[in-house]
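Number of protein chains: 2
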Amino acid sequence: MTNVFVIGLGLIGGSFALDIKSVRGHAEIHGIDTNEDHLNEALDLGLIDKKAGMEDLEKADIVIVAIPVSTSLGLLPEILDLVRDDAVVFDVGSTKSLICEAVADHPKRRNFLAAHPIAGTEFSGPSAALKGLYKHKVNIICEVEKTAFKLQEKVLKLFADIGMRIRYMDPASHDRHIAYVSHLSHISSFMLGKTVIEKEKNERDIFDMAGSGFESTVRLAKSSPAMWAPIFEQNKANVIETLDEYIGNLQQFRELMEKGDFEAIYNEMENTNRIKEILKGINVPTP
Amino acid sequence: MTNVFVIGLGLIGGSFALDIKSVRGHAEIHGIDTNEDHLNEALDLGLIDKKAGMEDLEKADIVIVAIPVSTSLGLLPEILDLVRDDAVVFDVGSTKSLICEAVADHPKRRNFLAAHPIAGTEFSGPSAALKGLYKHKVNIICEVEKTAFKLQEKVLKLFADIGMRIRYMDPASHDRHIAYVSHLSHISSFMLGKTVIEKEKNERDIFDMAGSGFESTVRLAKSSPAMWAPIFEQNKANVIETLDEYIGNLQQFRELMEKGDFEAIYNEMENTNRIKEILKGINVPTP
């Protein structure tokens, strides 16, 4: 019997619970969450086999920490204090530098693996959990060399079994790159939503003029502030840099419009069209 | 036999051709396009029954003008010159003020209906045409009172039969509102794509770190520059206004990050989360 503990039963933790259950039939899934309603919901939905508390962590073989990154900073060292020497703990947070720092000098650093599965939806809570969410998705692993070899093997085998593609990276590079391809998208979407909602205060009923294009660009503005505010805080310097570049590009586009240089605007768009080819690349799973 | 002419056999024109064929079995669909390849492709795909030229427009009962808005300005008066007194011509452009102005004093103004179906995808050309694209979608009609009553009836019945919901609006209001819920989304998406592509020049391989969130926010950056540059040109003043508001909101978000006021950032996101309810509203078709 493998005892798997999932701390934080939202979209990400709940989806791991479902996938692990399906590839490790013998595993017992224990759930920990400060939100008692979420814990009961996770039990009702069959995400977990039983509710647990921090005091049960001594039984754990595998611990998944799927909570806001601000909470992880304080809780990860406590979790490592509580687990056995042969247990492995991994997090799934969207920032990696501060999290790796928080456990850098912990006596059980070798029991920890820093991970970031690139998967999710704009929804949150136990009911948002999806079976197969991680299939063909990239999982970024940081500082793999700091995790005990046998525990690396164990967790990487689990990731492989649920269909993930592994990419190794140092925490600083992770945080710099992810600011561009994830964190900035969330801000652009939230601010787009804000801009249009503000307009709607004065001009009623503009939303029935919105189509699927608006819906797509504003989708991430549904995301959980409790998850995202701490991510922006932990990745502040990188996010500000991407925002400055984004704002600069928007200002330049605005100047071209003001000047009436629509040939330049055509060229800007045509150059950016190659995002088509790039996105195709994202969607082709490695055979 | 009803003779329907579709001028411009891209996503929008081609999809109209498909839907009209399915609700008007007796109609013959004639295609006109300056791009001979598109014309042949439309014929091969069964979007149209036969190829036609401008000189055939005298046979037309219904003419759909689905070409870039810049081309419509010059071509619409010519088309009206060529059609019979009982024919009806409608356009589908994403701007309405300049198009309505272009035909305002035409002797056949009563043969024209200004429309903007809120439907589409990021793809273009005849192969992008989709059957049922317009089902439950909003179609904005401008200056309906300027179209002959019997011709209004004829086209509105057609729109109803292919499942569209009709909304009436004056051209200036259309252009002001659509800048927020459509044109701005396209710019935010194009500039997001540009910002990340520029980064990739220096930092290789960041795109396999991108997930579905990035893909969703950047989807519209695949759109056709030939279609969009003229839209931005015709709606310049409104688009610049929305861009200024969007850039202002991004700058304010950046300042909050710089100051480290993540409580305010949390609140910004929480306030914008109500886009969830608004988007739900978009997706519920009127019974």
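Sequence order for the protein chains is W and R.
266 is the number that UniProt numbering gives to position 266 of the first sequence; each next residue is one higher, with no gaps.
92 is the number that UniProt numbering gives to position 92 of the second sequence; each next residue is one higher, with no gaps.
Glycine included, each C-beta is placed from N, C-alpha and C at the ideal position.
Under the Cβ criterion (8 angstroms, minimum of three pairs), the segment 195 to 214 of chain R counts as touching the segment 132 to 150 of chain W.
Look at the segment 169 to 240 of chain W and you find no whole run of beta strand (DSSP E) that is 3 residues long or longer.
Taking 8 angstroms as the cut-off, the beta carbon of R/A119 is found closer than this to the beta carbon of R/L133. W/N249 reaches chain R at M191, K194, T195, counting residues in chain order whose Cβ is nearer than 7 angstroms. Residue-level contact by beta carbon holds for R/G213 and chain W, with a gap shorter than 8 angstroms. R/A221 places its beta carbon 8 angstroms or farther from that of R/S182. The Cβ atoms of R/D91 and R/S72 lie closer than 8 angstroms to each other. Taking a C-beta distance under 8 angstroms as the contact criterion, R/V144 and R/Y168 qualify as a contact pair.
Scanning its chain for C-beta atoms nearer than 6 angstroms, with the 5 sequence neighbours on each side dropped, one finds around R/G125 the residues G10, in chain order.
Listed by position along chain W, the residues whose Cβ is nearer than 8 angstroms to that of R/V218 are S185, I275, L279. Among the bridge pairs identified by DSSP, W/F112 is matched with W/V89. Annotated three-state conformation of R/I12 is helix, per DSSP. In the DSSP assignment, the residues bridged to R/H30 are R/F5, R/K50. Contact annotation: in the segment 108 to 140 of chain W, residues whose CB is within less than 8 angstroms of a CB in chain R are I118, A119, G120, T121, E122, K137, V138, I140.
Rounded to whole angstroms, W/V88 and R/N235 show a C-alpha spacing of 58 angstroms. Under the criterion of beta carbons closer than 8 angstroms, R/V63 and R/F5 qualify as touching, at roughly 5 angstroms. Cβ atoms of R/N3 and R/D61 come within 8 angstroms of each other, at about 5 angstroms.
Along the segment 24 to 43 of chain R, there is no position whose C-beta sits under 7 angstroms from a C-beta of chain W.
Assignment of W/P126 by DSSP, reduced to helix, strand and coil, places it in the helix class. In this structure W/I29 is buried. Its beta-carbon is surrounded by 16 or more other beta-carbon atoms within 10 angstroms. In the structure shown, the three-state DSSP call for R/V83 is coil. Take W/K108, set aside five residues on each side of it, and the residues of its chain with a beta-carbon closer than 6 angstroms to its own are L80, in chain order. In the DSSP assignment, the residues bridged to R/C142 are R/A114, R/M169.
DSSP places R/I64 inside the beta strand (DSSP E), whose first and last residues are 62 to 65. Within 7 angstroms of the CB of R/L243, the CB atoms of chain W belong to L250, R254, in sequence order along the chain. If you draw a straight line from the Cα of R/S15 to the Cα of R/I67, it is about 13 angstroms long.
At the C-beta level, R/D161 and R/K96 stay beyond 8 angstroms of one another.
Distance between W/D37 and W/K51, taken at the CA atoms: about 11 angstroms. The same chain holds no residue with a CB closer than 6 angstroms to that of R/V196 once the five nearest residues on each side in sequence are set aside. The beta-carbon of W/E145 is placed no less than 8 angstroms from the nearest beta-carbon of chain R. With contact defined as three or more Cβ pairs closer than 8 angstroms, the segment 227 to 247 of chain W and the segment 255 to 265 of chain W are not in contact. When rounded, the separation of the alpha-carbon atoms in W/G53 and W/R84 is 16 angstroms. DSSP, read as helix, strand or coil, puts R/M269 in helix. Annotation: R/D170 has no Cβ neighbours in chain W at a cutoff of 7 angstroms; minimum Cβ distance is about 13 angstroms. Judged by DSSP secondary structure, R/E36 falls within the alpha helix (DSSP H) whose first and last residues are 36 to 44. Neighbourhood of R/K222 in chain W, by CB distance below 7 angstroms: N273, I275, K276, in chain order.
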